[in-house]
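Engineer:
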Amino acid sequence: MRTKKEAQDAIRVMGTLFPEAECELNFRNPFELLIAVVLSAQCTDALVNRVTKHLFEKYRDPKAYIAVPLEELQHDIRSIGLFRNKAKNIQSLCYTLLEKHGGNVPQTREELEALAGVGRKTANVVLSVAFGIPAIAVDTHVERVTKRLGICRWKDTVRQVEDTLMKKLEKETWGDAHHRLIFFGRYHCKAQSPRCPNCPLLDRCREGQKRLKKQTTG
DNA sequence: AACTCGGGGCA
DNA sequence: TGCCCAGAGTT
Numbered sequence: 013m014r015t016k017k018e019a020q021d022a023i024r025v026m027g028t029l030f031p032e033a034e035c036e037l038n039f040r041n042p043f044e045l046l047i048a049v050v051l052s053a054q055c056t057d058a059l060v061n062r063v064t065k066h067l068f069e070k071y072r073d074p075k076a077y078i079a080v081p082l083e084e085l086q087h088d089i090r091s092i093g094l095f096r097n098k099a100k101n102i103q104s105l106c107y108t109l110l111e112k113h114g115g116n117v118p119q120t121r122e123e124l125e126a127l128a129g130v131g132r133k134t135a136n137v138v139l140s141v142a143f144g145i146p147a148i149a150v151d152t153h154v155e156r157v158t159k160r161l162g163i164c165r166w167k168d169t170v171r172q173v174e175d176t177l178m179k180k181l182e183k184e185t186w187g188d189a190h191h192r193l194i195f196f197g198r199y200h201c202k203a204q205s206p207r208c209p210n211c212p213l214l215d216r217c218r219e220g221q222k223r224l225k226k227q228t229t230g
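Convert by adding 12 to the 1-based position in the first sequence; the result is the number in the working numbering.
So, in structure tokens, the structure goes:
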């Protein structure tokens with residue numbers, strides 16, 4: 013396990029690799045963010061933005077999403093994977109918002125996770141980005157990168173990764189850290205073919221050194 | 001813990 | 001072409 017200082021410095025270095033890391037979801041209010049994050053499961057932000065560009069003009073509030081047949085909403089987001097389930101979830105979610113929250117996005121984790129298609133990661137994104145409530149969203153990239161670098165343990169659950177990052181990083185940097193970990197994981201420390209040879213963190217990455225050794229000997 | 005959903009991206 | 005994936009729900 014790395015110290016706070018080591019963890020913070022490692023994540024700082026990631027920022028030097030992708031200084032223009034600005035690929036975020038497009039949204040104008042908490043409701044649009046919620047929809048965008050639900051749509052983003054298992055696909056890229058760029059793909060989601062391509063769809064929401066038109067989607068958010070046609071559907072401006074929860075009432076709009078449930079005013080059309082399910083098939084129409086499915087058709088409107090069909091270029092995204094899992095679109096059948098996601099369309100169902102969005103209509104169900106909008107019903108819940110109207111019935112239990114006056115058409116607004118709730119601001120507690122319990123209420124958010126009770127919505128269809130909203131899990132812990134999505135809830136954390138909405139809490140932190142839309143409402144400024146401290147939370148760290150751990151996706152597969154964040155989990156993989158922090159474990160490879162030894163910031164977290166291999167056997168840690170998503171929940172434990174969350175707790176570790178909240179303890180080791182200053183609250184004001186959580187947002188930036190999240191983006192840096194995402195980009196570092198997506199484009200550099202990739203799941204199958206991580207670019208270890210020219211990685212600025214190689215000297216302090218046990219996993220990277222292990223992989224290089226295996227590559228040269230095998 | 002393991003499976004399913006699924007079109008896009010990428011080798 | 002075939003594999004993998006910026007999750008969540010179900011069993």
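For glycine and all other residues, C-beta sits at the position ideal for the given N, C-alpha and C.
What are the complete beta strand (DSSP E) segments, minimum 3 residues, inside the region 82-154?
Structural biologist: Complete beta strand (DSSP E) runs here, min 3: none at all.
Engineer: Can you check whether the CB of P81 is closer than 8 Å to the CB of G115?
Structural biologist: On the first sequence, position 103 is the one that residue 115 refers to. On the first sequence, position 69 is the one that residue 81 refers to. Not in contact: G115 and P81 (Cβ atoms no closer than 8 Å).
Engineer: Within its chain, find whatever has a CB closer than 8 Å to the CB of Q119; leave out the 5 residues flanking it on each side and keep chain order.
Structural biologist: Your numbering for residue 119 matches position 107 in the first sequence. Excluding positions up to five away in sequence, the list reads L139, F143 and I145.
Engineer: So, does the region 207-223 touch the region 42-52, judging by three or more C-beta pairs under 8 Å?
Structural biologist: Flag = no, the region 207-223 and the region 42-52 do not touch.
Engineer: Taking buried to mean at least 16 other C-beta atoms within 10 Å of its own C-beta, is R235 buried or exposed?
Structural biologist: What is shown of the chain runs 13 to 230, which leaves residue 235 out entirely.
Engineer: Just to confirm before moving on: does the CB-CB distance between E23 and R171 stay below 8 Å?
Structural biologist: The sequence position of residue 23 within the first sequence is 11, counting from 1. The sequence position of residue 171 within the first sequence is 159, counting from 1. A small fix is needed here, since residue 23 is Ile in this sequence, not Glu. No.
Engineer: Counting along the chain, where does the alpha helix (DSSP H) carrying Q20 start and finish?
Structural biologist: Stepping through the first sequence from its first residue, residue 20 is reached at position 8. Taken as a continuous stretch (DSSP letters only), the alpha helix (DSSP H) holding Q20 covers K16 to L29.
Engineer: Would N61 and N41 be called neighbours here (beta carbons separated by less than 8 Å)?
Structural biologist: Position 49 of the first sequence, counted from the first residue, corresponds to residue 61. Position 29 of the first sequence, counted from the first residue, corresponds to residue 41. It is not a contact, given that the beta carbons lie outside the stated cut-off.
Engineer: Buried or exposed for M26, please, with buried defined as at least 16 other CB atoms from any protein chain shown within 10 angstroms of its CB.
Structural biologist: Stepping through the first sequence from its first residue, residue 26 is reached at position 14. Buried, since its Cβ has 16 or more Cβ neighbours within 10 Å.
Engineer: Does DSSP put K225 in a helix, a strand or coil?
Structural biologist: As a first step, residue 225 is located in the first sequence; it is residue number 213 there, counting from the start. Helix at K225.
Engineer: Can you tell me the Cβ-Cβ gap for V50 and V173, rounded? I've got them flagged as a contact below 8 Å.
Structural biologist: Against the first sequence, residue 50 aligns to sequence position 38. Against the first sequence, residue 173 aligns to sequence position 161. Actually they are not in contact, since the Cβ atoms of V50 and V173 sit about 22 Å apart, beyond 8 Å.
Engineer: Which of helix, strand or coil does DSSP assign to T56?
Structural biologist: Position 44 of the first sequence, counted from the start, is the residue given in the question as residue 56. Coil.
Engineer: On the criterion of 16 or more Cβ atoms from any shown chain inside 10 Å, does K65 qualify as buried, or is it exposed?
Structural biologist: As a position in the first sequence, residue 65 is number 53, starting the count at 1. Counting Cβ neighbours within 10 Å, K65 comes out exposed, since fewer than 16 surround it.
Engineer: Quick check on the DSSP output: the alpha helix (DSSP H) that includes V173 runs from which residue to which?
Structural biologist: Counting from one through the first sequence, the residue named residue 173 turns up at place 161. First-last of the alpha helix (DSSP H) with V173: V170 to K180.
Engineer: Count the other CB atoms within 10 Å of the CB of A79; is the residue buried (16 or more) or exposed (fewer)?
Structural biologist: Numbered from 1 along the first sequence, position 67 holds the residue referred to as residue 79. A79 should be labelled exposed.
Engineer: Can you tell me the Cα-Cα spacing of F68 and L109, whole angstroms?
Structural biologist: To locate residue 68, count along the first sequence from 1; it is residue 56. To locate residue 109, count along the first sequence from 1; it is residue 97. Cα-Cα distance, rounded: 17 Å.
Engineer: Using only alpha-carbon positions, find the residue among T134, T158 and T185 that is nearest to L213.
Structural biologist: For the purposes of this step, residue 213 is taken as the residue at position 201 of the first sequence. Of T134, T158 and T185, the residue nearest in Cα terms is T158.
Engineer: Which term fits D215, buried or exposed, when burial requires 16 or more other beta carbons within 10 angstroms of its beta carbon?
Structural biologist: Here residue 215 refers to the residue found at position 203 of the first sequence. That one is exposed.
Engineer: From the DSSP output, in three-state form, read off P42 for me.
Structural biologist: Residue numbering aside, residue 42 sits at position 30 when the first sequence is read from its first letter. Looking at P42 - three-state DSSP - the assignment turns out to be helix.
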